[in-house]
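**Q** Handing you this structure, nothing more for now.
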Amino acid sequence: MTEKKKKQEYAVIVGVQRTNDTKAVEDEIEEMESLLKTLNIKTKYKFIQHHKRLSATYLLGRGKIEKISQLIQDECLTYLIIDHSLSPPQMRNLNKKTQCTVLDREGVILDIFANHAKTKEAKTQVEIAKLEYLLPRLAGAWTHFQRQTGGGVRARGMGEAQIEVDRRRARQRISRLKKQLEQIAKEKMTQRKSRRNEIKVSLVGYTNSGKTTLMKGLTRNNIEGKDELFATLDARVRSLDPSTRPKILLSDTVGFIRNLPHNLVESFRSTLEEVVSGDLLLHVVDVSHPNYDLQMEVTNKVLEEIGAKDVPMLLIFNKIDQVEEEFLPRILNKKYPNSITVSALNDEDTSKLRQHIFNYFEKSFEKAVVKIDVNDQTTLSFIHRHCIVLGSDYEEEGEVTIEVRAPNSLLEKIKRYCI
């Protein structure tokens, strides 16, 4: 039996122009198109609403909403997408006026996150954010239900009662999920403690900047990277090179985006803790994107919001193979000293970046000489697992003298053996 193909859904996008810069709002609408593509929704029409004429009732001006409503009815379009935040009353009014599904920017992003969440942690985080988003909007869902059923006064009364029941259930569900998330966060904290002797590097950047592909190249691991927005939601941790001492762990986490919903940032705090607790951030930038500088600003803003602005950072300009301007690498290096330009698909580039990361940490390593009893296997194992061993000398007294290089934080743990 063949699976029935899902009917293609179409949308109208409305962008809000906040300044006189029409190009900026056009770029924002284009980004929303990409977001909808991730949900398999095609964009049929695009409109721009100037911020000076925003309506408290619909957000959109009366003339524009009349035109869009007629268009939706005539062509049986499924969605009206507003690339802006809608208040619950505005969403209810638009639902009633257009007779279609209305989503604002936050709703679209939440739907994408819900589709891409794979682990229990990610699913829990997304469900919390989505319930908190839907809680004040439940009335809109019931208005839509009444319209479908043709309910009268009695149906409205039932709807209002059901809304209160749904709100109570939603709050109870949020409370349970937050407790589950707290437990998951504790488990992750335990995992992080078990890795406290390793060096931690985190990939950060705008969504679809190539972080996962770069991680695959750096770790030589078969990690799937997709050319779509928010393909990665779960923090993945891999060893940069199993042979290095101490071990350097590389993590890839959720990408950032303009106007990332605050609920999502809060819900994903336990995942983003990998970033905050890192020893180095690799800020990956898609240099082939026309607005890469604005995407850099967004990433820096989110890093500040989650408390990671003081973590050392290395700027990585990725996708240089997709740029025709041959002098761009030189221009970028002059504007951003110590930045690195790569193509995540180029083995030579990823190999050079890997070595650059090794060198970055090795510069801060210090030398020490320790003397240890040969029977103290716990300490000897710790040294060989976490330090660079430069040489060793076994003595007749049953002791071994070892010359090592390691971060000062690790040397502190074996300082009593230093001579």
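Residues 1064 to 1482 (my numbering) make up the sequence shown, in order. Built from N, CA and C at the ideal position, the CB exists for glycine as well.
1. Throw me the rounded Cβ distance for the residue 1309 and residue 1262 pair, which I believe falls under 8 Å.
2. What residues in its chain sit with their C-beta under 6 Å from that of residue 1442, if we drop five residues either side in the sequence?
3. Name, in chain order, the residues that DSSP records as bridge partners for residue 1078.
4. Nearest by alpha-carbon distance to residue 1418: which of 1307, 1339, 1459, 1463 is it?
5. List the residues that DSSP assigns as beta-bridge partners of residue 1346.
6. Going along the chain, which unbroken runs of the alpha helix (DSSP H) with 4 or more residues stay wholly within the segment 1085–1135?
7. Who are residue 1430's beta bridge partners in DSSP?
8. From the DSSP secondary-structure annotation, give me the bridge partner or partners of residue 1454.
9. Check whether the segment 1178–1188 and the segment 1151–1162 are in contact - that is, three or more C-beta pairs closer than 8 Å.
10. Is it buried or exposed, residue 1467, if we count other Cβ atoms within 10 angstroms and call 16 or more buried?
11. Excluding the 5 residues flanking residue 1200 on each side, which residues of the same chain have their C-beta closer than 8 Å to its C-beta?
12. Locate the alpha helix (DSSP H) running through residue 1155, then write down its first and last residues.
13. Are residue 1123 and residue 1088 touching if we call contact CB-CB under 8 Å?
14. If residue 1109 and residue 1092 are in contact, beta carbons under 8 Å, what's the gap, nearest whole angstrom?
15. Hey, residue 1192 and residue 1322: beta-carbon distance below 8 Å or not?
16. Grab me the residues of residue 1071's own chain with a C-beta within less than 7 Å of its C-beta, minus the 5 sequence neighbours each way, in chain order.
17. Across the segment 1393–1412 and the segment 1420–1431, are there enough close Cβ pairs to call them in contact, namely three or more that are closer than 8 Å?
18. Looking only at DSSP bridge pairs, what is residue 1073 linked to?
19. For residue 1371, is the classification buried or exposed, using 16 other Cβ atoms within 10 angstroms of its Cβ as the cut-off for buried?
20. In terms of residue numbering, what span does the alpha helix (DSSP H) encompassing residue 1448 cover?
21. Please classify residue 1444: is it buried, with 16 or more other beta-carbons within 10 angstroms of its beta-carbon, or exposed?
22. Return helix, strand or coil for residue 1164, following the three-state DSSP convention.
23. Mind checking who residue 1314 pairs with in its DSSP beta bridge?
24. Where does residue 1382 land, buried or exposed, given buried means 16+ other C-beta within 10 angstroms?
**A** According to the structure data:
1. Stepping through the sequence shown from its first residue, residue 1309 is reached at position 246. Stepping through the sequence shown from its first residue, residue 1262 is reached at position 199. So it is a contact: roughly 6 Å between Cβ atoms.
2. On the sequence shown, position 379 is the one that residue 1442 refers to. Hits under 6 Å: 1435.
3. As a working note, residue 1078 is residue 15 in the sequence shown. For residue 1078, which the question treats as bridged, DSSP gives the partners 1111, 1146.
4. The count along the sequence shown starts at 1 and reaches residue 1418 at position 355. Residue 1418 has its Cα closest to that of 1307, out of 1307, 1339, 1459, 1463.
5. Locating residue 1346 in the sequence shown gives position 283, where the first residue counts as 1. Its beta-bridge partners are 1267, 1378.
6. 1085–1101
7. Residue numbering aside, residue 1430 sits at position 367 when the sequence shown is read from its first letter. According to DSSP, which records beta bridges pairwise, residue 1430 is partnered with 1468.
8. Taking the first residue of the sequence shown as position 1, residue 1454 is located at position 391. Answer is 1466, bridged to residue 1454.
9. no
10. Sequence index remark: in the sequence shown, residue 1467 carries index 404 (1-based). So residue 1467 counts as buried.
11. One-based indexing of the sequence shown puts residue 1200 at position 137. The answer, listed in chain order, is 1151, 1154, 1155.
12. The sequence position of residue 1155 within the sequence shown is 92, counting from 1. Looking at the DSSP string, the run of the alpha helix (DSSP H) that includes residue 1155 is 1151–1161.
13. Walking along the sequence shown from the start, residue 1123 turns up at place 60. Walking along the sequence shown from the start, residue 1088 turns up at place 25. Cβ atoms of residue 1123 and residue 1088: not closer than 8 Å.
14. Residue numbering aside, residue 1109 sits at position 46 when the sequence shown is read from its first letter. Residue numbering aside, residue 1092 sits at position 29 when the sequence shown is read from its first letter. At roughly 5 Å, the Cβ-Cβ gap stays under 8 Å, so residue 1109 and residue 1092 are in contact.
15. As a first step, residue 1192 must be located in the sequence shown, where it is residue number 129. As a first step, residue 1322 must be located in the sequence shown, where it is residue number 259. Not closer than 8 Å, so no.
16. The sequence position of residue 1071 within the sequence shown is 8, counting from 1. Here the set comprises 1105.
17. no
18. What you label residue 1073 is simply residue 10 of the sequence shown in a count that begins at 1. According to DSSP, residue 1073 bridges with 1105.
19. One-based indexing of the sequence shown puts residue 1371 at position 308. Under this definition residue 1371 is a buried residue.
20. Numbered from its first residue, the sequence shown carries residue 1448 at position 385. It spans 1440–1449 - the alpha helix (DSSP H) in which residue 1448 sits, taken as one unbroken run.
21. Start at 1 with the first residue of the sequence shown, and residue 1444 comes out as number 381. The residue is exposed, with fewer than 16 neighbouring Cβ atoms inside 10 Å.
22. Position 101 of the sequence shown, counted from the first residue, corresponds to residue 1164. The answer is strand: DSSP assigns residue 1164 an E or B state.
23. One-based indexing of the sequence shown puts residue 1314 at position 251. For residue 1314, which the question treats as bridged, DSSP gives the partners 1265, 1300.
24. As a working mapping, residue 1382 is identified with position 319 in the sequence shown. So residue 1382 ends up on the buried side.
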